[in-house]
Amino acid sequence: MVKVGLLGLGTVGTGTAQILLDPDGRHPLLQDLELHRVGVRSLEKTRTVPLPSGCLTTDLKSIVTDPAVDIVVELLGGLEPARSLLLEAIAHGKHIVTANKAVIARYGDQLFTAANQQGVYVMLEAAVGGGIPVIQPLKQSLGANRIHTVIGIVNGTTNYILTRMQQEGGDFQDILVDAQRLGYAEADPTADVDGLDAADKIAILASLAFGRRIKLDQVHCEGIRQVGAADITYAQKLGFVIKLLAIARKPEYASSKIANLEVPELEVRVHPTLVPHSHPLASISGVHNAILVEGEPLGQVMFFGPGAGAGPTASAVVSDMINVASLLKLGVTGPDIANTGLHPLMACSHQHYAAVAPVEELITRFYARFLTQDQPGVIGKLGTCFGDHHVSLESIVQTGTQKNLAEIVVVTHHVREGNFHQALEQIRTLAAIDSIPTLLRVL
Ligand SMILES: NC(=O)c1ccc[n+]([C@@H]2O[C@H](COP(=O)([O-])OP(=O)(O)OC[C@H]3O[C@@H](n4cnc5c(N)ncnc54)[C@H](OP(=O)(O)O)[C@@H]3O)[C@@H](O)[C@H]2O)c1
Numbered sequence: 002m003v004k005v006g007l008l009g010l011g012t013v014g015t016g017t018a019q020i021l022l023d024p025d026g027r028h029p030l031l032q033d034l035e036l037h038r039v040g041v042r043s044l045e046k047t048r049t050v051p052l053p054s055g056c057l058t059t060d061l062k063s064i065v066t067d068p069a070v071d072i073v074v075e076l077l078g079g080l081e082p083a084r085s086l087l088l089e090a091i092a093h094g095k096h097i098v099t100a101n102k103a104v105i106a107r108y109g110d111q112l113f114t115a116a117n118q119q120g121v122y123v124m125l126e127a128a129v130g131g132g133i134p135v136i137q138p139l140k141q142s143l144g145a146n147r148i149h150t151v152i153g154i155v156n157g158t159t160n161y162i163l164t165r166m167q168q169e170g171g172d173f174q175d176i177l178v179d180a181q182r183l184g185y186a187e188a189d190p191t192a193d194v195d196g197l198d199a200a201d202k203i204a205i206l207a208s209l210a211f212g213r214r215i216k217l218d219q220v221h222c223e224g225i226r227q228v229g230a231a232d233i234t235y236a237q238k239l240g241f242v243i244k245l246l247a248i249a250r251k252p253e254y255a256s257s258k259i260a261n262l263e264v265p266e267l268e269v270r271v272h273p274t275l276v277p278h279s280h281p282l283a284s285i286s287g288v289h290n291a292i293l294v295e296g297e298p299l300g301q302v303m304f305f306g307p308g309a310g311a312g313p314t315a316s317a318v319v320s321d322m323i324n325v326a327s328l329l330k331l332g333v334t335g336p337d338i339a340n341t342g343l344h345p346l347m348a349c350s351h352q353h354y355a356a357v358a359p360v361e362e363l364i365t366r367f368y369a370r371f372l373t374q375d376q377p378g379v380i381g382k383l384g385t386c387f388g389d390h391h392v393s394l395e396s397i398v399q400t401g402t403q404k405n406l407a408e409i410v411v412v413t414h415h416v417r418e419g420n421f422h423q424a425l426e427q428i429r430t431l432a433a434i435d436s437i438p439t440l441l442r443v444l
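Residue numbers for the sequence shown follow my numbering, so the first one is 2 and each next one is one higher.
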């Protein structure tokens with residue numbers, strides 16, 4: 002039997018234990034997985050899953066050092082003690098399965114380096130997209146492709162809020178409060194609405210798709226707080242929906258040198274984006290997630306499904322456990338690793354960092370909403386400022402008035418982001434400009 006030490010018996014831990022304790026009709030390898038020990042914070046809580054007697058403990062360190070445990074499944078969340086326990090488990094030769102995107106995005110380099118030295122696997126299917134299989138496909142099934150773009154809707158909370166804003170015409174703050182009441186948003190929504198959770202996830206996806214480690218602080222990140230009901234309406238009229246997109250792609254123009262290797266620069270970013278109605282990601286609504294991967298020769302493939310929840314996330318966790326169990330069964334881990342190495346389709350062995358392109362170099366289209374004095378000539382002045390910085394405009398229209406101010410919406414052609422911001426600096430000095438409530442990129 003393959004003995005499992007489970008850290009955490011909350012939402013995902015409970016879903017995972019339920020599958021392990023009820024293997025009938027699922028993959029036969031589940032019969033080989035035994036829930037050996039379970040670590041939690043409190044022994045007083047009522048547990049809804051019938052655990053084997055005596056397996057529950059608050060001493061998590063004793064699980065990661067237990068000689069009988071083969072796989073440590075970390076479903077605690079947060080950075081500590083999760084990171085330290087994972088490193089200790091690896092040092093004790095345990096294989097790791099985790100759903101913890103925050104730890105992987107920040108400490109993946111430590112964890113993978115330690116795991117590769119120890120000859121153990123770190124599996125993270127559940128860390129991105131909940132129940133959607135996307136990590137193993139990037140590691141295995143898409144290996145023939147030169148991947149050039151990964152674009153995802155990878156945060157269910159923000160997609161739920163934006164979908165409701167689109168359907169009901171409400172303002173961000175009101176819908177956030179209602180989403181919190183209904184349990185779709187956390188009491189502290191920062192990680193979701195400010196794009197930080199999506200940044201963790203795109204850093205992980207980018208590292209797998211492009212075979213390079215990503216420094217999280219180089220991921221440009223903007224959340225959805227700036228998106229107003231007016232923007233949703235104008236976007237709709239212009240043929241777009243607004244989505245929080247996590248994007249990693251190879252720009253066509255760039256390459257740079259790292260450690261004397263020619264490596265392509267990557268763009269890795271998270272921001273609310275106007276997505277054309279015809280785009281496959283435009284129809285992803287509510288809490289669902291989707292990840293679109295583009296490569297040569299495959300073209301586009303999209304992974305879609307439930308991005309969270311006990312059952313779906315546990316499905317991804319258990320799939321990792323089955324993969325590790327299959328290798329254990331073949332004897333291609335542990336002492337044999339010294340001869341064979343880790344399975345190349347299961348391990349993350351890349352060590353070089355990607356050169357992440359500065360956001361000023363991004364070539365994109367922009368949408369901007371201006372509030373200005375309601376007087377003649379303002380549109381002309383805006384056009385001149387943009388022209389001075391080589392920003393060519395696709396459209397510029399006065400869309401209405403708000404509290405005696407004119408509302409003007411601009412959509413640009415593809416421009417260098419740095420030029421666009423220089424034009425905005427000049428525009429902010431114009432006496433007629435009251436404010437620029439929204440700046441969004443257009444896909
Ligand atoms: N929830 C989802 O839909 C979802 C989706 C994708 C990924 N994830 C990821 O899955 C992981 C788990 O999420 P979750 O929603 O299942 O969390 P959760 O419901 O808050 O459960 C956390 C579990 O860990 C235990 N725990 C936390 N800190 C501990 C500590 N210091 N010592 C001992 N036990 C501790 C808790 O013990 P007690 O039970 O005693 O409090 C609880 O059983 C996170 O990394 C999360 O990002 C979750």
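Idealized CB from N, CA, C, for every residue including glycine.
If you draw a straight line from the alpha carbon of residue i to that of residue j, how long is it in whole angstroms?
i	j	result
Thr150	Leu209	12 Å
Ile323	Leu30	6 Å
Glu169	Ala231	12 Å
Val411	Ile243	16 Å
Gly401	Leu372	10 Å
Gly306	Ala127	12 Å
Gly381	Tyr368	17 Å
Leu267	Pro51	47 Å
Ser256	Gly342	Its pLDDT being 44, under 50, Ser256 is placed unreliably by the model, and nothing is read from it.
Ser279	Ile154	16 Å
Thr58	Gly40	5 Å
Ala432	Ile397	19 Å
Arg370	Leu425	11 Å
Leu421	Gly378	First, the residue type needs correcting, since residue 421 is Phe and not Leu in the sequence shown. Each residue's Cα considered, the two are about 21 Å apart.
Arg417	Glu361	7 Å
Give the range of the beta strand (DSSP E) segment to which residue i is assigned.
i	result
Tyr122	Run containing Tyr122: none; DSSP gives neither H nor E here.
Met303	300–307
His422	That residue, His422, is in no beta strand (DSSP E); its alpha helix (DSSP H) goes 418–429.
Ala291	289–297
Arg442	434–443
Glu361	First-last for Glu361: undefined, no H or E at that position.
For ligand 1, any of its heavy atoms closer than 7 Å to the Cβ of residue i?
i	result
Pro82	yes
Val50	no
Asn447	Since the displayed the chain opens at 2 and closes at 444, residue 447 lies outside it and no answer follows.
Arg42	yes
Ala127	yes
Thr47	no
Asn405	no
Lys102	yes
Val13	yes
Thr18	It is worth fixing the name first, because residue 18 is Ala in this sequence and not Thr. Flag unset: Cβ of Ala18 not near ligand 1.
Thr59	yes
Ala291	no
Gly9	yes
Thr314	yes
Ala210	no
Ala309	yes
Leu87	no
Gly306	no
Should residue i be labelled buried (16 or more other beta-carbon atoms within 10 Å of its own) or exposed?
i	result
Leu44	exposed
Gly332	exposed
Leu262	Low per-residue confidence applies at Leu262: pLDDT is 44, beneath 50, and the placement is therefore not dependable enough to give any value.
Pro190	buried
Ala260	Low confidence applies to Ala260: its pLDDT is 44, below 50, so where it sits in the model is not reliable, and the reading given next is rough at best. Exposed, by the Cβ-count rule.
His414	exposed
Lys102	buried
Ala448	Summary: the structure shown does not reach residue 448, with the chain confined to residues 2 through 444, and so no result is reported for it.
Thr17	buried
Asn405	exposed
Met166	buried
Pro359	exposed
Glu408	buried
Terminal residues of the continuous alpha helix (DSSP H) containing residue i?
i	result
Ile233	230–239
Leu10	Where Leu10 is concerned, there is no enclosing alpha helix (DSSP H), given that its DSSP letter is neither H nor E.
Asp175	173–182
Gly384	379–389
Gln168	157–169
Ser279	First-last for Ser279: undefined, no H or E at that position.
Ile205	197–211
Ile64	61–65
Counting contacts by CB-CB distance shorter than 8 Å, is residue i in contact with chain C?
i	result
Pro68	Within the model displayed, chain C is absent; a lone protein chain is all it includes.
Check whether the stretch 100–115 and the stretch 125–139 touch, using three or more Cβ-Cβ pairs below 8 Å as the test. yes
Count the C-beta pairs between the stretch 130–143 and the stretch 180–188 that are closer than 8 Å, then say yes if the count reaches three, no if not. no
Counting beta carbon pairs with one atom in the stretch 193–207 and one in the stretch 77–97, are three or more of them shorter than 8 Å? no
Does the stretch 7–23 come close enough to the stretch 308–321 that 3 or more CB-CB pairs lie under 8 Å? yes
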